[in-house]
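In short: position in the sequence shown from 1, add 6, done, that's the numbering used here.
The beta-carbon is built from N, C-alpha and C at its ideal position, and this holds for glycine as well.
A quick note: this is a predicted structure, and the numbers were derived from the prediction, not measured.
Comments concern the structure below.
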Amino acid sequence: MPAPTPDTLRTLTETLSDVTEYLRENPDPAEALALVEPLLDEYTGLPVQLADTLRALARTVQEHQAIPRTAHLDLLIAELRSAAWEQTDQHSLHYVDELRALHDDAESEQGCSRCR
């Protein structure tokens, strides 16, 4: 796998920004939920991925031979790991499933247009 580049990641964050802007335009809730579900997946979503990225960065910095071991470095590494745990805690965004169920229930109560 080729190494990611800053440009690749900028494109990724721009795409996320585009999703946010699109959601501000009040799309159909089913479409909005479909867009957001992969982002908030409890196993592979953004909070989990960001947490893993922060941990990997902490490990990379800690294990790099050229970086001097100082109390300040230890503090920065601890802060990265703490931030990673905070992100991991965000995996509890299970309410996306609940929103989907509420939307599906509302749709079924309304019935199809021929039934109304």
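Asked, Found
"Quick one: which unbroken alpha helix (DSSP H) runs of 4-plus residues sit fully inside the segment 63-99? Chain order, please.", "77-95"
"If we cut at 9 Å on Cβ distances, does A57 have a partner in chain D?", "In the structure shown, chain D does not exist; there is a single protein chain."
"Kindly list the residues whose CB is nearer than 6 Å to the CB of S88, restricted to its own chain and excluding five residues on each side of it in sequence; keep chain order.", "none"
"Please state the DSSP three-state secondary structure of R106.", "helix"
"Just to confirm before moving on: does the CB-CB distance between L105 and L39 stay below 9 Å?", "yes"
"Indicate the three-state DSSP secondary structure (helix, strand or coil) for D34 in the structure shown.", "coil"
"Counting only the same chain and skipping the five closest in sequence on each side, list residues whose C-beta sits under 6 Å from that of L60.", "L86, A89 and A90"
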